[in-house]
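Quick note: the sequence shown uses our numbering, first residue 215, plus one each step.
In this text, a Cβ means the ideal position worked out from N, Cα and C, and glycines have one as well.
Let me begin by presenting the structure, written as structure tokens, before commenting on it.
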Amino acid sequence: MANKSIEKELLSLEKQYWQAIKEKDADTAVRLSDDPCIIAGAQGVESIDRQKLGEMIQASTYTLSKFKIGDDAQVRFLSDDVAILAYTISEELIVQSQVVTFHASDTSTWIKREGSWLCAMHTESISGDPFGRNKN
215 MANKSIEKEL
225 LSLEKQYWQA
235 IKEKDADTAV
245 RLSDDPCIIA
255 GAQGVESIDR
265 QKLGEMIQAS
275 TYTLSKFKIG
285 DDAQVRFLSD
295 DVAILAYTIS
305 EELIVQSQVV
315 TFHASDTSTW
325 IKREGSWLCA
335 MHTESISGDP
345 FGRNKN
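What follows is the structure, given as structure tokens:
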């Protein structure tokens with residue numbers, strides 16, 4: 215089922231997705247997304263269709279200036295057409311004219327439809343105390 219070339223392809227697609235966010239390239243992000251795509255993170259959980267995703271990327275109130283996916287990426291295939299990708303990431307954003315940097319653990323679920331891998335779900339967990347004690 216799984217092989218290293220598909221794992222490399224999925225990691226490359228994940229990097230393309232991040233680059234699309236950095237460049238505010240809605241077309242690429244939409245092309246790489248399943249319809250709808252579920253997103254979960256500090257802002258909550260949402261199921262987003264392609265049109266809304268494109269609008270969100272173009273109207274983003276922050277700028278992703280840098281990102282680096284860690285060397286710890288792991289891929290697990292649930293079937294020939296469904297894979298989970300998990301990794302750590304460092305991000306640098308510009309939010310309201312301020313530079314914000316943080317580390318997170320992210321996951322994406324990719325599904326193969328009509329020969330193309332599409333991101334069906336993405337989660338981001340900002341690193342920190344697992345009990346939330348540093349959030350006061």
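Query - Opening and closing residue of the alpha helix (DSSP H) in which D241 lies - result: Start and end: A240 to R245.
Query - When Y301, W324 and C333 are compared against S339, the one with the closest alpha-carbon - result: For S339, the nearest C-alpha among the options comes from Y301.
Query raised in the report: Among Q312, L246, K326 and I262, which one has its Cα closest to the Cα of W232?
Result: Ranking the options by Cα distance to W232, first place goes to L246.
Report task. If I'm right that W324 touches L299 with Cβ under 8 Å, what's the distance once you round it to whole angstroms? Result -> The beta-carbon distance between W324 and L299, rounded to whole angstroms, is 6 Å. This is short enough to meet the 8 Å contact definition.
Report task. Could you say if the segment 261-271 and the segment 280-299 meet the contact criterion of at least three C-beta pairs nearer than 8 Å? Result -> The segment 261-271, when compared against the segment 280-299, does not touch it at the 8 Å Cβ threshold.
Report task. Please confirm whether A334 and L224 have their CB atoms less than 8 Å apart. Result -> No, these two residues do not count as a Cβ contact at 8 Å.
Query raised in the report: Are H336 and C251 close, meaning C-beta to C-beta below 8 Å?
Result: In this structure, C251 lies closer than 8 Å to H336 by Cβ.
Query raised in the report: Whole alpha helix (DSSP H) runs in the segment 239-310 with 4 or more residues, listed along the chain?
Result: 240-245 and 264-272, all fully within the segment 239-310.
Query raised in the report: Over what stretch of residues does the beta strand (DSSP E) that includes E338 continue unbroken?
Result: S330 to I340 is the span of the beta strand (DSSP E), which, as asked, contains E338.
Query raised in the report: Looking only at its own chain, which residues have a Cβ that is under 7 Å from the Cβ of D295, when we skip the five neighbours before and after it?
Result: I325 and K326, listed in sequence order.
Query raised in the report: Got a sec, what are the start and stop residues for the beta strand (DSSP E) R327 sits in?
Result: Per DSSP, R327 is one residue of the beta strand (DSSP E) stretching across Q312 to R327.
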